[in-house]
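Chemist:
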Amino acid sequence: MNAVEIEHVTKTFGNFAAVDALSLVVPAGTVYGFIGPNGSGKTTTLRMIMRILHPNSGSIRVLGEEQLGAANDRVGYLPEERGLYKQMKVRDILRFYAELKGYRDNRAAVTSWLERLGLADWANKRVEALSKGMSQKVQFIAAVIARPELVLLDEPFTGLDPVNTEVLREEVLNLRRDGTTVIFSTHDMAVAEKMCDFIFMIYKGQKVLDGTLDSIQDAYGSDTVHVRLEGRPNLDGLPGVAKVTDFGKFQELRLEAGADPQRILAALVQRGVVRHFELTRPTLHDIFVRIAGPTETLGNGAPTPASEGRPHA
7 MNAVEIEHVT
17 KTFGNFAAVD
27 ALSLVVPAGT
37 VYGFIGPNGS
47 GKTTTLRMIM
57 RILHPNSGSI
67 RVLGEEQLGA
77 ANDRVGYLPE
87 ERGLYKQMKV
97 RDILRFYAEL
107 KGYRDNRAAV
117 TSWLERLGLA
127 DWANKRVEAL
137 SKGMSQKVQF
147 IAAVIARPEL
157 VLLDEPFTGL
167 DPVNTEVLRE
177 EVLNLRRDGT
187 TVIFSTHDMA
197 VAEKMCDFIF
207 MIYKGQKVLD
217 GTLDSIQDAY
227 GSDTVHVRLE
237 GRPNLDGLPG
247 VAKVTDFGKF
257 QELRLEAGAD
267 PQRILAALVQ
277 RGVVRHFELT
287 RPTLHDIFVR
297 IAGPTETLGN
307 GAPTPASEGR
317 PHA
């Protein structure tokens with residue numbers, strides 16, 4: 007069964023199309039990553055899945071149901087705008103959210119979650135006493151405490167330190183192991199690469215990527231070379247190289263279509279001692295920048311993988 011099925015959905019605000027003719031299928035039991043620049047339509051799409059917003063056209067089925075009501079005990083949601091009742095105690099607010107979803111025998115579950123996320127000592131503290139990171143973990147628990155079949159997380163890792171990011175990452179994967187479908191949006195391409203079974207990118211309201219990381223990278227091919235030369239000579243003007251990006255410790259060369267890597271290596275040898283030369287596929291970060299970067303545009307102003315001469319993933 008698919009957890010979410012979106013068919014030809016459009017959502018407008020006045021004359022602005024936040025989401026334009028979007029179709030998307032999220033298989034049950036997967037971790038599905040939503041990526042895209044700010045204002046691209048990620049949050050609008052999540053809110054339509056939650057039925058907080060309704061599309062102008064098209065249909066959305068969630069867990070096999072198509073209905074207008076926003077309340078659904080089978081779905082958990084962590085919104086981008088964090089919000090907890092600051093005067094309530096942590097344990098009380100989690101029990102409150104669990105009972106809102108119909109999960110009344112929740113004492114043991116609340117205690118377990120607080121222990122797993124390192125919040126046991128704060129169970130009887132008021133929310134206002136928590137740090138930003140602690141509050142975010144409490145709100146994550148609130149979204150999943152009732153054991154929903156589908157969880158939507160809007161930027162769940164934003165503002166967390168590396169330790170708490172790792173804690174939350176492991177809990178998201180535990181949800182998948184238990185059969186829960188997880189959809190989350192993120193600006194961290196490394197997190198999306200490591201965690202997601204599927205990755206969907208929306209740009210200017212339109213789908214530009216959708217598939218596994220391997221299928222997305224395969225659509226671009228091995229057109230990237232990582233090099234390191236002694237003395238770091240100027241690499242401008244290399245034959246067959248469309249772009250050079252300096253990362254400090256190494257340089258990344260994006261190859262033109264049909265370029266011969268051996269010819270490029272020979273040209274590099276003429277410029278200095280080559281310490282490292284690696285032909286590789288572009289990272290998700292690189293693909294993201296290619297699509298959404300200010301210089302990567304088509305005539306209609308909507309960058310897509312096709313602007314690189316390659317099909318959509």
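Residues in the sequence shown are numbered consecutively from 7, following our numbering.
Backbone N, C-alpha and C fix where the C-beta goes; we use that ideal spot for every residue, glycine too.
Is H291 helix, strand or coil by DSSP?
Modeler: Within the sequence shown, the letter at position 285 stands for residue 291. Of the three classes helix, strand and coil, the one that applies to H291 here is helix, per DSSP.
Chemist: Give me, in chain order, the residues of the same chain whose beta-carbon lies closer than 6 Å to that of V2; leave out the 5 immediate sequence neighbours on both sides.
Modeler: Here the chain covers residues 7 to 319 and nothing more, so residue 2 does not appear.
Chemist: To which residues of the same chain is V233 closer than 7 Å at the C-beta, ignoring the five residues directly before and after it?
Modeler: Here the question's residue 233 lines up with position 227 in the sequence shown. Counting only Cβ-Cβ distances below 7 Å, and skipping sequence neighbours, we find F256, Q257, L259, L274, V280, H282, F283.
Chemist: Taking Cβ to Cβ, would you say A149 is nearer than 8 Å to L100?
Modeler: On the sequence shown, residue 149 is found 143 positions in, with the first residue counted as 1. On the sequence shown, residue 100 is found 94 positions in, with the first residue counted as 1. In this structure, L100 does not lie closer than 8 Å to A149 by Cβ.
Chemist: Among E134, A152, P162, A135, which has the Cα closest to the Cα of K143?
Modeler: The residue you call residue 143 lines up with position 137 of the sequence shown. Nearest of E134, A152, P162, A135 to K143, Cα basis: P162.
Chemist: Write down the C-beta distance between N1 and K95 rounded to the nearest angstrom, noting that I regard them as a contact closer than 8 Å.
Modeler: Outside the shown range of the chain, which is 7 to 319, sits residue 1, and nothing can be said about it.
Chemist: Is G35 closer than 8 Å to D79 when the C-beta atoms are compared?
Modeler: If you number the sequence shown from 1, residue 79 lands on position 73. If you number the sequence shown from 1, residue 35 lands on position 29. No, the pair does not count as a contact, with Cβ atoms beyond the cut-off.
Chemist: Give the range of the beta strand (DSSP E) segment to which Q212 is assigned.
Modeler: Indexing the sequence shown from 1 puts residue 212 at position 206. Per DSSP, Q212 belongs to the beta strand (DSSP E) from 212-217.
Chemist: Reducing DSSP to helix, strand and coil, say where E176 ends up.
Modeler: Locating residue 176 in the sequence shown gives position 170, counting from the first residue. In this structure, E176 counts as helix in the three-state DSSP scheme.
Chemist: By the 10 Å Cβ neighbour count, where 16 or more other Cβ atoms means buried, how is G264 classified, buried or exposed?
Modeler: Reading the sequence shown from its first residue, position 258 is the one you call residue 264. Exposed: under 16 other Cβ atoms inside 10 Å.
Chemist: Do you know whose CA, among L290, G165, R183, T186, lies nearest R88's CA?
Modeler: If you number the sequence shown from 1, residue 88 lands on position 82. It is G165 whose Cα lies nearest to the Cα of R88.
Chemist: Let me confirm a value: N112 is counted as buried when at least 16 other C-beta atoms fall within 10 Å, else exposed. Which label applies?
Modeler: Here residue 112 refers to the residue found at position 106 when the sequence shown is read from its first residue. N112 comes out buried.
Chemist: Leaving aside the five residues before and after G305 along the sequence, list all residues of the same chain whose C-beta is less than 6 Å from its C-beta, in chain order.
Modeler: As a working note, residue 305 is residue 299 in the sequence shown. Note that G305 has pLDDT 32, beneath the 50 cutoff, so the model's placement of it is unreliable and the number below is only indicative. Within the same chain, G305 has no close Cβ partners at all.
Chemist: How is S221 classed by DSSP in three states: helix, strand or coil?
Modeler: Residue 221 sits at position 215 when you count from the first residue of the sequence shown. It is helical.
Chemist: M7 and L158 - do their beta-carbons sit closer together than 8 Å?
Modeler: Here residue 158 refers to the residue found at position 152 of the sequence shown. Here residue 7 refers to the residue found at position 1 of the sequence shown. No. Outside cutoff.
Chemist: What are the boundary residues of the alpha helix (DSSP H) that includes Q73?
Modeler: For the purposes of this step, residue 73 is taken as residue 67 along the sequence shown, with counting starting at 1. Q73 -> no alpha helix (DSSP H), and no H or E assigned at all.
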